[in-house]
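Novice: Structure in structure tokens, see below.
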Amino acid sequence: MKPSDKHYEEALRLIPWGTQTNAKRPYAAFDETMPKFIVRGKGCRLWDMEGKEYIDFRLALGPVTLGYCYDEVDDAVRAQMSNGVLFSMASPIELDLARLVNEMVPNAEMVRFMKTGEDANLSNIRIARAYTGRDMILMSGYHGYPDWFATEDSPNNGVPEFMKEYVKIIPWGDCEEAERLIRLYGERLACVITIPYDFNEDTSGTFVHHLRSLTREYGILLVLDEILTGFRLAPGGAQEFFGVEADLAGYAKAIANGYPLSAYVGHRKYMETLYRFKMTTTYAGEALSIAAAIATLKIMKREKVHEHLRAMGRRLMEGFNRITQEIGVEGSASGMPIAPYLKFSGPDAGFHARVEFLWQRELYREGIFANPRWFISYSHTPADIDEALDKADRALRRAVDAEVRERSTVNPSWW
Numbered sequence: 052m053k054p055s056d057k058h059y060e061e062a063l064r065l066i067p068w069g070t071q072t073n074a075k076r077p078y079a080a081f082d083e084t085m086p087k088f089i090v091r092g093k094g095c096r097l098w099d100m101e102g103k104e105y106i107d108f109r110l111a112l113g114p115v116t117l118g119y120c121y122d123e124v125d126d127a128v129r130a131q132m133s134n135g136v137l138f139s140m141a142s143p144i145e146l147d148l149a150r151l152v153n154e155m156v157p158n159a160e161m162v163r164f165m166k167t168g169e170d171a172n173l174s175n176i177r178i179a180r181a182y183t184g185r186d187m188i189l190m191s192g193y194h195g196y197p198d199w200f201a202t203e204d205s206p207n208n209g210v211p212e213f214m215k216e217y218v219k220i221i222p223w224g225d226c227e228e229a230e231r232l233i234r235l236y237g238e239r240l241a242c243v244i245t246i247p248y249d250f251n252e253d254t255s256g257t258f259v260h261h262l263r264s265l266t267r268e269y270g271i272l273l274v275l276d277e278i279l280t281g282f283r284l285a286p287g288g289a290q291e292f293f294g295v296e297a298d299l300a301g302y303a304k305a306i307a308n309g310y311p312l313s314a315y316v317g318h319r320k321y322m323e324t325l326y327r328f329k330m331t332t333t334y335a336g337e338a339l340s341i342a343a344a345i346a347t348l349k350i351m352k353r354e355k356v357h358e359h360l361r362a363m364g365r366r367l368m369e370g371f372n373r374i375t376q377e378i379g380v381e382g383s384a385s386g387m388p389i390a391p392y393l394k395f396s397g398p399d400a401g402f403h404a405r406v407e408f409l410w411q412r413e414l415y416r417e418g419i420f421a422n423p424r425w426f427i428s429y430s431h432t433p434a435d436i437d438e439a440l441d442k443a444d445r446a447l448r449r450a451v452d453a454e455v456r457e458r459s460t461v462n463p464s465w466w
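If you want it as structure tokens, here you go:
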């Protein structure tokens, strides 16, 4: 038993899932190859409890945009640490960060900070309901664990069933259903909250533009959940990238390069609703994360961060397409280069699904930490991408060989 296996057994005894974030739990099907714990990271690399090194394309589920332990960001945090972490009044650097967000984000006339993406999204829902005096919302995409965003599994998840009357769901990208629901509920709706991009093949922005048009027609607020897209798609997030302006928007993951911070922003007339009711938490002004965010956003403004993300993403996508062609597997890279979607498809769906599963397993064996969507960081260099492609090539060849052998054993006439 590896040290990490023993550690995981003990974690399961004390911690549900063995982790604080469900998406970070080990996949049982990858047990022999996927690490259960990560001890440290630097740049685009990770090291597990056994000391094995990985090139990381998961990036802590998206927050690490510059790279792990990015020196300029960590130096800013250390400098702030010498002054303190949390005070009995606001820190002056809160305004410094608010100015930066105001400069970079199209609709950020006013800015307030929280700690997580869920916080930011929930705060925007409260503002929309308070401003409009309406109770219902339409929702498209994942927005976190709060009750308003978790009615689908009610009451199994502790969310009261009556909340289903106040939340209706639009399948992401379904313009017809969006129009039907908005016209049906119209003046009962406080807002529509949606992710602007689902990190899939549809990169057109058509859906979010359609929602913007419909919400304006009915006097409904459009709330963009930019937790993943903000400061990653572009310096001004999806609003800048797609050229659409929301009434309210939430940001988190990429804002502080992994330090826990979120922001909810919007037009002044909506944000000033906060003068009428309480929405507050003690740690919203925690200074270390604010210092990290200031450093992160300054780097994004000063350097060609997003050009680099796109260039490295395109290099990865082109390499993946070349590999699948050479091996003779039907696979393709699609989506945005900042987080490419690498997938397999073909008439034999079972074969390609099995190859994709085996490939993901073998990627961990090769020292590649990845998902179907591969996040790119500013620390990924051309050499890192090329090394990852070499490893991905070897992993895919083993996956295809294993599935061909399995099928020929079960049905020798298959091939």
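Numbering of the sequence shown is given in my numbering, commencing with residue 52 and proceeding in unit increments.
Backbone N, C-alpha and C fix where the C-beta goes; we use that ideal spot for every residue, glycine too.
1) If I follow the unbroken alpha helix (DSSP H) through Gly288, where does it start and stop?
2) At the level of alpha carbons, what is the spacing between Trp68 and Asp204?
3) For a quick check, are the C-beta atoms of Leu265 and Lys219 less than 8 angstroms apart?
4) For the alpha helix (DSSP H) containing Met322, list its first residue and its last residue.
5) Between the beta-carbon of Ala384 and the beta-carbon of Phe371, is there less than 8 angstroms?
6) Is Ala171 closer than 8 angstroms to Gly301 when the C-beta atoms are compared?
7) State the CB to CB distance for the pair His403 and Glu381, rounded to an integer number of angstroms; the pair is presumed to be in contact (CB under 8 angstroms).
8) Tell me which residue opens and which closes the alpha helix (DSSP H) that Lys93 is part of.
9) Less than 8 angstroms between the beta carbons of Ile306 and Ala335, yes or no?
10) What are the boundary residues of the alpha helix (DSSP H) that Gly345 is part of?
11) Considering only residues of the segment 61-141, which uninterrupted beta strand (DSSP E) runs meet the minimum length of 3 residues and lie entirely inside it, listed in chain order?
12) Following a CB-centred definition, is Thr375 positioned closer than 7 angstroms to any heavy atom of the ligand COA?
13) Between the Cα of Val274 and the Cα atoms of Gly118, Glu291, Ala362 and Ile246, which residue gives the shortest distance?
14) Span of the alpha helix (DSSP H) holding Ala181?
15) Given that a residue counts as buried once 16 or more other Cβ atoms are within 10 Å of its Cβ, and exposed if not, what is Gln131?
16) In the DSSP assignment, find the unbroken alpha helix (DSSP H) run with Arg327 in it and report its ends.
17) Can you give me the Cβ contacts of Pro318 inside the same chain, cut-off strictly under 7 angstroms, excluding the 5 residues immediately before and after it?
18) Just verifying my parser: in three-state terms, what is the DSSP assignment at Phe213?
19) Please specify which runs of the alpha helix (DSSP H), each continuous and at least 4 residues long, are wholly inside the segment 237-319, giving them in chain order.
20) Could you have a look at Gly401 and say whether DSSP puts it in helix, strand or coil?
21) Using only alpha-carbon positions, find the residue among Ile89, Arg366, Leu235 and Ala338 that is nearest to Phe138.
22) Between the Cα of Ala149 and the Cα atoms of Arg449, Leu348, Thr432 and Ala443, which residue gives the shortest distance?
23) Should the segment 421-432 be called in touch with the segment 104-124, which here means at least 3 C-beta pairs below 8 angstroms?
24) Which first and last residues belong to the alpha helix (DSSP H) in which Ala362 is found?
25) Is it true that the CB of Phe200 sits closer than 8 angstroms to the CB of Trp223?
26) Pull up the DSSP beta-bridge partners for Met161, would you.
27) Rounded to whole angstroms, what's the CA-CA distance from Lys544 to Ile419? Just pull it up for me.
28) State buried or exposed for Asn175, treating a residue as buried only when at least 16 other CB atoms are found within 10 Å of its CB.
29) Let me check understanding here. Comparing Cα to Cα, which of Ala434, Thr254, Arg96 and Gly113 lies closest to Gly294?
30) If contacts are defined as beta-carbon pairs under 8 angstroms, then Arg177 and Met330 qualify, I think. What distance do you get, rounded to the angstrom?
31) In whole angstroms, what is the alpha-carbon distance linking Asp225 and Arg180?
32) Anyone know if the C-beta pair for Gly94 and Ser340 falls short of 8 angstroms?
33) Work out the CA separation of Ser313 and Gly209 for me, nearest whole Å.
34) When you compare only the Cα positions, how much space is there between Ser464 and Trp410?
35) So, is Ile233 buried or exposed, given that buried needs 16 or more other C-beta atoms within 10 angstroms?
36) Which same chain residues end up closer than 8 angstroms to Ile196 when comparing Cβ atoms and leaving out the 5 residues on each side of it in sequence?
Specialist: This is what the structure gives:
1) Translated into positions along the sequence shown, residue 288 becomes position 237. Its alpha helix (DSSP H) spans residues Gly288 to Phe293.
2) By 1-based counting over the sequence shown, the position of residue 68 is 17. By 1-based counting over the sequence shown, the position of residue 204 is 153. Each residue's Cα considered, the two are about 19 angstroms apart.
3) As a first step, residue 265 is located in the sequence shown; it is residue number 214 there, counting from the start. As a first step, residue 219 is located in the sequence shown; it is residue number 168 there, counting from the start. No, the pair does not count as a contact, with Cβ atoms beyond the cut-off.
4) The residue given as residue 322 occupies position 271 in the sequence shown. Met322 -> alpha helix (DSSP H) spans Arg319 to Met322.
5) As a working mapping, residue 384 is identified with position 333 in the sequence shown. As a working mapping, residue 371 is identified with position 320 in the sequence shown. It is a contact, given that the beta carbons lie within the stated cut-off.
6) Along the sequence shown, read from residue 1 onward, the residue named residue 301 stands at position 250. Along the sequence shown, read from residue 1 onward, the residue named residue 171 stands at position 120. Taking 8 angstroms as the Cβ cut-off, Gly301 and Ala171 qualify as a contacting pair.
7) The residue labelled residue 403 in the question sits at position 352 within the sequence shown. The residue labelled residue 381 in the question sits at position 330 within the sequence shown. The pair is a contact, with the Cβ atoms about 6 angstroms apart (cut-off 8 angstroms).
8) By one-based count along the sequence shown, residue 93 stands at place 42. Not the alpha helix (DSSP H): Lys93 falls in the beta strand (DSSP E), residues Ile89 to Lys93.
9) Here the question's residue 306 lines up with position 255 in the sequence shown. Here the question's residue 335 lines up with position 284 in the sequence shown. Taking 8 angstroms as the cut-off, the Cβ atoms of Ile306 and Ala335 do not count as close.
10) In the sequence shown, counting from the first residue as 1, residue 345 sits at position 294. The question names Gly, but residue 345 is Ile in the sequence shown. Judged by DSSP secondary structure, Ile345 falls within the alpha helix (DSSP H) whose first and last residues are Ala338 to Arg353.
11) Complete beta strand (DSSP E) runs here, min 3: 89-93, 96-99 and 104-107.
12) Among the ligands in the structure shown, none appear at all, so the ligand COA cannot be discussed.
13) On the sequence shown, position 223 is the one that residue 274 refers to. Checking every option, the nearest Cα to that of Val274 belongs to Ile246.
14) The residue given as residue 181 occupies position 130 in the sequence shown. Going by DSSP, Ala181 is part of the alpha helix (DSSP H) stretching over Gly168 to Thr183.
15) Locating residue 131 in the sequence shown gives position 80, where the first residue counts as 1. Result: buried.
16) Here residue 327 refers to the residue found at position 276 when the sequence shown is read from its first residue. In the DSSP assignment, Arg327 falls outside any alpha helix (DSSP H) and carries neither an H nor an E.
17) Here residue 318 refers to the residue found at position 267 when the sequence shown is read from its first residue. The amino acid at residue 318 is misidentified as Pro; the sequence shows His. Contacts found: Asn158, Glu160 and Asp298.
18) Indexing the sequence shown from 1 puts residue 213 at position 162. The answer is helix: DSSP assigns Phe213 an H, G or I state.
19) At a cut-off of 4 residues, the continuous stretches assigned as alpha helix (DSSP H) that sit fully inside the segment 237-319 are 257-269 and 288-293.
20) Here residue 401 refers to the residue found at position 350 when the sequence shown is read from its first residue. If DSSP states are grouped into helix, strand and coil, Gly401 belongs with the helices.
21) Taking the first residue of the sequence shown as position 1, residue 138 is located at position 87. Scanning Ile89, Arg366, Leu235 and Ala338 for the CA closest to the CA of Phe138 turns up Ala338.
22) Along the sequence shown, read from residue 1 onward, the residue named residue 149 stands at position 98. Of Arg449, Leu348, Thr432 and Ala443, the residue nearest in Cα terms is Leu348.
23) As far as the Cβ criterion goes, the segment 421-432 touches the segment 104-124, which means the pair count is three or higher.
24) As a working mapping, residue 362 is identified with position 311 in the sequence shown. Segment Val356 to Ile378, the alpha helix (DSSP H) holding Ala362.
25) Numbered from its first residue, the sequence shown carries residue 223 at position 172. Numbered from its first residue, the sequence shown carries residue 200 at position 149. No. Outside cutoff.
26) Residue 161 sits at position 110 when you count from the first residue of the sequence shown. Its beta-bridge partners are Gly317.
27) The shown model of the chain, from 52 to 466, leaves out residue 544, and the question about it has no answer.
28) Position 124 of the sequence shown, counting from 1, holds the residue named residue 175. Asn175 counts as buried, since no fewer than 16 other beta carbons sit within 10 angstroms of its beta carbon.
29) The residue labelled residue 294 in the question sits at position 243 within the sequence shown. Considering only alpha carbons, the answer is Thr254.
30) Along the sequence shown, one-based indexing puts residue 177 at 126. Along the sequence shown, one-based indexing puts residue 330 at 279. Contact holds; Cβ gap of about 6 angstroms.
31) Sequence index remark: in the sequence shown, residue 225 carries index 174 (1-based). Sequence index remark: in the sequence shown, residue 180 carries index 129 (1-based). Taking C-alpha positions only, Asp225 is separated from Arg180 by approximately 24 angstroms.
32) Position 43 of the sequence shown, counting from 1, holds the residue named residue 94. Position 289 of the sequence shown, counting from 1, holds the residue named residue 340. Cβ atoms of Gly94 and Ser340: not closer than 8 angstroms.
33) Sequence index remark: in the sequence shown, residue 209 carries index 158 (1-based). Sequence index remark: in the sequence shown, residue 313 carries index 262 (1-based). Gly209 and Ser313: Cα-Cα distance of roughly 25 angstroms.
34) For the purposes of this step, residue 464 is identified with residue 413 of the sequence shown, where counting begins at 1. For the purposes of this step, residue 410 is identified with residue 359 of the sequence shown, where counting begins at 1. Bear in mind that the predicted position of Ser464 carries a pLDDT of just 39, short of 50, making it too unreliable to give a figure here.
35) The residue given as residue 233 occupies position 182 in the sequence shown. Under a 10 Å Cβ-count criterion, Ile233 is classified as buried, with 16 or more other Cβ atoms of the shown protein chains found around its own Cβ.
36) Translated into the one-based positions of the sequence shown, residue 196 becomes position 145. A quick correction: the sequence has Tyr, not Ile, at residue 196. Closer than 8 angstroms at Cβ, skipping near neighbours: Glu169.
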